[in-house]
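In this text, residue positions in the sequence shown follow our numbering: the first is 6, and each later residue adds one. Single-structure report; data block below.
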Amino acid sequence: MSIEADVVALIKARCPNVYPVVSPDGAQLPRVVFQHAGGRTLRYTENTSNLRNILLHVSAWAGSSPAAFALIRQIEEDLCAHPTLQVDPQGEPDAGIVDGPQANPLYRRNTDFLDLRPARLISRPLCQQRPQGLPPTPAHAGFFSSQERPTMARTPTGTIHSVATALAVAKTITGISNAAEAVVSSVAHGYSNGDIVLVTSNWGRLNFRAFRVKTSLADSFVLEGANTTNTEFYAPGGGLGSVRKVSTWVDLDRTLNHSSSGGDAKTVNVKFIESDVEIALNDGFTAVQRTFDMDADMIGTPAYNALKTLSETNADTVVRRRTRSGALSLVPATVSFNEEETLTEGQIVTVKGTFNAQNISTRYAAA
């Protein structure tokens, strides 16, 4: 039998409803990971649609994640007992067994995604034998298991930029905890989960940072992602100040040519007289600027007027960037908006805007 047939028979014995034989939806196809390169060798290939000859990448329906893990372990044990498989030297450098929710909306039906890939092996067995029932061996020995969804690259398409045009009245901070996510004490603050706030604090590394609110209670809330555990940076009992909620957002539309500059590491070169070696000392980062163009014919719209006003008043704002996947970034900034039209033959007429970052960005992954 071929190597494909061997693996398919093995997996189907454990879980009949897997690709490529049974598909819950005719539009779903397995993603290509490895191809059979002849003999007992598997060769890595790029993602390619409409190919069903890749039989180490399957989707198995399971009632729960623990059930899926049990299935993975059993398949792994079976594969360990299988005759030696080899990976072509051009094969995937990092591979293994991955268990997590499938990102494709077609899979949103109590399912787990099982990705079976040979680990980094050239001329030794696919995995090492071990007694039945033991936890999976480390990745370097064969396979690994993870509940994290594989991350995917993304493009800027669909990203929405917004600016804060109004900040609510400041609420007094009576205390901030030293925690992986700082808990702020503020009497009757009135904030809700998901609100965006701008913090003013006598902790320098927290001052003038923007965060998202979570776990909001009557007199306290959590600054999501604000790690204040380092007491060298965040002295216990300090951090007092105030916080302001973004009360009004205006989305920007018909913008293009977004780019960022700055944020580069700064260093100071030092050579002590006693040494013939020069060393570099870290000295922070350069200021960040984000520039963009806007359709000049947006004049008079809420977005155009918001940028114009923020530029004229040099008011503090928060720039929010929301990606199509749901990822979010926040950065305090001021706005420079140049209404001088740029005319280039063969292109639309534009005006130019600049966000001058006043601190580092706070980023949140898609839910």
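Yeah, the Cβ is synthetic: ideal placement off N, Cα and C, and Gly gets one too. Computed from a predicted structure; not experimentally measured.
For this session: Taking the CB atoms as reference points, tell me whether Ser-264 and Thr-296 lie closer together than 9 angstroms.
Result: yes
Exercise. For the alpha helix (DSSP H) that contains Asn-310, what are its first and last residues?
Worked result: 307-318
Exercise. If we count the other Cβ atoms within 10 Å of its Cβ and call it buried at 16 or more, is Ala-288 buried or exposed?
Worked result: Rather than Ala, the amino acid found at residue 288 in this sequence is Asp. Answer is exposed; the Cβ neighbour count stays below 16.
Exercise. Buried or exposed: which applies to Ala-187, given that a residue is buried once 16 or more other Cβ atoms fall within 10 Å of its Cβ?
Worked result: buried
Problem set entry | As assigned by DSSP and simplified to three states, the class of Asp-281 | coil
Problem set entry | Of the residues Ser-330, Ala-169 and Asp-298, the one placed nearest Leu-261, counting alpha carbons only | Its Cα nearest to that of Leu-261, the residue Asp-298 stands out among Ser-330, Ala-169 and Asp-298.
Exercise. Cα separation between Thr-164 and Arg-327?
Worked result: 6 angstroms
Exercise. What residues are listed by DSSP as bridge partners for Ser-334?
Worked result: Arg-326 and Arg-368
For this session: Give the C-beta separation of Val-324 and Arg-249 to the nearest angstrom, bearing in mind that I take them to be a contact with Cβ-Cβ under 8 angstroms.
Result: With a Cβ gap of about 15 angstroms, Val-324 and Arg-249 do not count as contacting.
Exercise. Are Asp-302 and Val-354 close, meaning C-beta to C-beta below 9 angstroms?
Worked result: yes
For this session: Tell me whether Asp-321 sits in a helix, a strand or coil according to DSSP, three-state version.
Result: coil
Problem set entry | Ala-169 versus Ala-332, Tyr-369 and Ala-308, residue with shortest Cα-Cα distance | Ala-308
For this session: Give the DSSP-derived three-state secondary structure of Ala-373 in the structure shown.
Result: Outside the shown range of the chain, which is 6 to 372, sits residue 373, and nothing can be said about it.
Problem set entry | Enclosing beta strand (DSSP E) for Leu-266 [first to last residue] | Sequence check: residue 266 is Ser here, not Leu. It spans 260-266 - the beta strand (DSSP E) in which Ser-266 sits, taken as one unbroken run.
Problem set entry | Straight-line gap, Thr-272 to Thr-162 (C-alpha atoms, nearest Å) | 35 angstroms
Problem set entry | Presumed contact (8 angstroms Cβ cut-off) between Pro-337 and Phe-216, rounded CB distance | Actually they are not in contact, since the Cβ atoms of Pro-337 and Phe-216 sit about 11 angstroms apart, beyond 8 angstroms.
Exercise. So what's Gln-352 in DSSP terms, helix, strand or just coil?
Worked result: coil
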